[in-house]
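Asks: Below is the structure I would like to discuss, written out as structure tokens.
Here's what the structure looks like:
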């Protein structure tokens, strides 16, 4: 428990470092939040308050920016973030079917994005610009093109297999 | 590379070309997002290994010293070459042989036969989907042969990560000319004369925009490059930033000189991580080389460029919203006037141009206005890039002069319309969606229409950023309209009522049509609300949001009527209106579906054809899932 608390403090240090790097400039808010999200993988409420205080801004304003942009998440995400592109080309080539398959396999839906074991988060995202390869799916940073429902299940199973192996090994 | 203090561009070019002469062969591997997804980086690594194993020298960056007795191979990753569906693409120069869908296993053979020897490997050449014939390279492949790649020209040829290579291709000469030989007024005039119009959607004359900004008296002015390419189905800006970032920077420098600015921002979507990193490297390299920074080209002028990563908001493509976002605020648009030219970023006069527009600028300064305006139609000059996607054989990025017809694009460059299995069929064309969520649908009767800004507006569509999505007869147009409405509704920033509430109402009415609960009244109200949103919204997002709906209503009124009155979706895309049946040709009577049907709606004897009782059927889709013979019709 103690190390966990220490970790948290150290991470607040990181937030401060980011803010200092940007010289406490309010105009850098979006970039600051992006970098903070890199550290935490989401934006915890305490951190938003911390950022607001450091920049001498109302928390509401910081919250307003954080909720305006799709990239910012106020909830924790899974270890593997699966983004299914919902651009036009992907849509006409069956991305919604792909999304349905993934969601039903992981027992998720349009409201529930993250599995209880915090392993997977599934998001339908706006066009990723790889339209020539539609439908497109991204697992963490890796882009997969022309993904059929069968192939998506395959990729998912591979990750699950790998994770179970690591879990049982440790 | 050494710092090119006050870079002598010609010297760099000369030494580069001198070194290039000694290259035996050049291997250019496409490293755009599409090809990387298909494994291009692994192919690159395989080449590194195989070339060295074959005893040849390998250069990634050209060096001035070399081995006389070795065959020297230059290996380069390039930006997007446009032919994404055929990736990873590997070009062998000087022969200009283009290999498609190259796998790691193919690499040793390519090295042995096409690099050590001069053979062509037939099976890796592009195969025409219509007649199965093979084409050797870009000069022969119909997809490339029929294009005019000016803006995209160097994309896919130059190494986007090498400033020297860009300079060797006459890069930064136009900026040097502008800064050292031309007055700002002259630059504005040349661009005005060229007839270049904004490529981001609006189509405003670029030269005019620059003149208006130049006129303003202010100590500080800004240039912004709008790379917030949010239109689903468009990726030309991404490809340009990934494939030729220095050209974009050069365009920004020229714009800055033309309006009297010394600082600029590139606003890039965060969904394009590769574009962000390539632009960032390009700026760093240009700073190191002295192309950017203080007193550039000994002209007494300074120029600094920053990168701003977006955070995922479509509305930020709108110029006033984009500026608010750079200032760290919620990206909400402002009423115009004042225009950015008068009061823009941080309250200073600002010129904001799209990536493709800026990428065309160096070419115009280098080759002259008349060179550029020789392409195109009376009021739409030059060429335009389009992202050709959807149900078409050759998906990818293309560039054609304004005035080209859709028929040429879909059938000759695109190779024809495909069915849902990806096969080219003679008569599958239903519609083409142009201009994304701001645009509209065009049909068969518009195929011979020369594409330009004004012709498309007259048809209720727009050039927009240039997404072209081809749709076959299996596509439901109400669903397409709903798709775009859903997009604009969720991207509406909420500032003005017509857009915030109107798009919501329009979406729910479209849902009623799709669910089979709509009446004629719903339909008429949908049209009416559409007109209100179009007229009363604050910014471009709202003003054009109803376009996909209104244009499909005009072009496919019958289809809407069928949904509303007959409660039928002919393409079976709308689940509630689909008719589920069993294909007598495919059903073998295995009884799997009948056993699994939760409402016992399927009947039939073993080894006999089965039937579905439409009255009982709840369209749950279980039969479709369990059928191993794909015999259930109606689930698209």
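Protein chains in written order, with my numbering: chain A, 1 to 170; chain B, 1 to 636. No residue lacks a Cβ here, since even glycine has one placed at the ideal position from N, Cα and C. Here the structure is a predicted model, which means the values were calculated and not measured.
By the criterion of Cβ-Cβ separation under 7 Å, what are the contact partners of residue 469 of chain B in chain A?
Replies: 88, 89, 92
Asks: Output the distance between the C-alpha atoms of residue 148 of chain B and residue 161 of chain A, rounded to the nearest integer angstrom.
Replies: 49 Å
Asks: Is residue 309 of chain B near the ligand ADP - that is, is its Cβ less than 7 Å away from at least one heavy atom of it?
Replies: Absence of the ligand ADP is noted for the structure shown, with no ligands found whatsoever.
Asks: Does any CB atom of chain B fall closer than 8 Å to the CB of residue 160 of chain A?
Replies: No, no contact with chain B.
Asks: According to DSSP, is residue 603 of chain B helix, strand or coil?
Replies: strand
Asks: Along the beta strand (DSSP E) that carries residue 88 of chain A, what are the first and last residues, could you check?
Replies: Careful: residue 88 of chain A lies outside any beta strand (DSSP E), inside the alpha helix (DSSP H) at 88-92.
Asks: Would you call the region 243-260 of chain B in contact with the region 172-189 of chain B, where contact means no fewer than 3 C-beta pairs closer than 8 Å?
Replies: yes
Asks: Please confirm whether residue 71 of chain A has its beta-carbon closer than 8 Å to some beta-carbon of chain B.
Replies: yes
Asks: Evaluate residue 595 of chain B with the Cβ neighbour count: other Cβ atoms within 10 Å of its Cβ, from every protein chain shown; 16 or more gives buried, anything less gives exposed.
Replies: exposed
Asks: Residue 145 of chain A to residue 42 of chain A, Cα distance in whole Å?
Replies: C-alpha of residue 145 of chain A to C-alpha of residue 42 of chain A: approximately 27 Å in a straight line.
Asks: Does chain A have any CB closer than 8 Å to the CB of residue 211 of chain B?
Replies: no
Asks: Who are residue 442 of chain B's beta bridge partners in DSSP?
Replies: B:432
Asks: Measure from the C-beta of residue 128 of chain A to each C-beta in chain B and report whether the shortest distance is under 8 Å.
Replies: yes
Asks: Could you check which residue in B:344, B:80, B:432, B:528 has the C-alpha nearest to that of residue 161 of chain B?
Replies: B:80
Asks: Could you tell me which of B:294, B:438, B:385 sits nearest to residue 413 of chain B, measuring between CA atoms?
Replies: B:385
Asks: For the beta strand (DSSP E) containing residue 121 of chain A, name the first residue and the last one.
Replies: 120-125
Asks: Just checking: is the beta-carbon of residue 21 of chain A within a distance shorter than 8 Å of some beta-carbon in chain B?
Replies: With its beta carbon at least 8 Å from every one in chain B, residue 21 of chain A lies outside the interface.
Asks: By the DSSP assignment, the beta strand (DSSP E) with residue 26 of chain B in it spans what residues?
Replies: 25-30
Asks: Rounded to whole angstroms, what's the CA-CA distance from residue 32 of chain A to residue 63 of chain A? Just pull it up for me.
Replies: Just so you know, the alpha carbons of residue 32 of chain A and residue 63 of chain A end up roughly 13 Å apart.
Asks: So, is the C-beta of residue 238 of chain B closer than 8 Å to a C-beta in chain A?
Replies: yes
Asks: With a threshold of 8 Å between beta-carbons, can residue 143 of chain A be considered close to chain B, or not?
Replies: With 8 Å as the cut-off, residue 143 of chain A counts as an interface residue toward chain B.
Asks: Taking the CB atoms as reference points, tell me whether residue 93 of chain B and residue 28 of chain B lie closer together than 8 Å.
Replies: Taking 8 Å as the Cβ cut-off, residue 93 of chain B and residue 28 of chain B qualify as a contacting pair.
Asks: Quick one: measure Cβ to Cβ for residue 73 of chain B and residue 115 of chain B, integer angstroms, because I've assumed they're closer than 8 Å.
Replies: 6 Å
Asks: Within a Cβ cutoff of 6 Å, which residues of the same chain sit near residue 285 of chain B, ignoring the five residues on either side of it in sequence?
Replies: 163
Asks: Does the beta-carbon of residue 346 of chain B have 16 or more other beta-carbons within 10 angstroms, so that it is buried, or is it exposed?
Replies: exposed
Asks: Excluding sequence positions up to five away, which residues of its chain have a Cβ less than 8 Å from the Cβ of residue 270 of chain B?
Replies: 276, 309, 310, 311, 312
Asks: Can you pull the DSSP bridge partners for residue 205 of chain B?
Replies: B:197, per the DSSP bridge assignment.
Asks: Do you know offhand how far residue 95 of chain A's Cα is from residue 330 of chain B's?
Replies: 30 Å
Asks: Could you give the first and the last residue of the continuous alpha helix (DSSP H) run that contains residue 362 of chain B?
Replies: Here the alpha helix (DSSP H) through residue 362 of chain B covers 355-367.
Asks: When the distance is taken between beta carbons, is residue 415 of chain B closer than 8 Å to residue 392 of chain B?
Replies: yes
Asks: Strictly under 8 Å for the Cβ-Cβ distance: is residue 207 of chain A near chain B by that measure?
Replies: Beyond the ends of chain A as shown, which are 1 and 170, falls residue 207 of chain A; an answer cannot be given.
Asks: Between the alpha carbons of residue 321 of chain B and residue 423 of chain B, how many angstroms are there, rounded?
Replies: 43 Å
Asks: Would you mind sorting residue 260 of chain B into buried or exposed? The rule is 16 or more other CB atoms within 10 Å of its CB.
Replies: buried
Asks: Based on Cα-Cα distance, which residue from B:78, B:328, B:129 lies nearest to residue 241 of chain B?
Replies: B:78
Asks: Would DSSP call residue 542 of chain B helix, strand or coil?
Replies: In the structure shown, residue 542 of chain B sits in a helix (DSSP, three-state: H, G or I).
Asks: Taking Cβ to Cβ, would you say residue 402 of chain B is nearer than 8 Å to residue 451 of chain B?
Replies: yes
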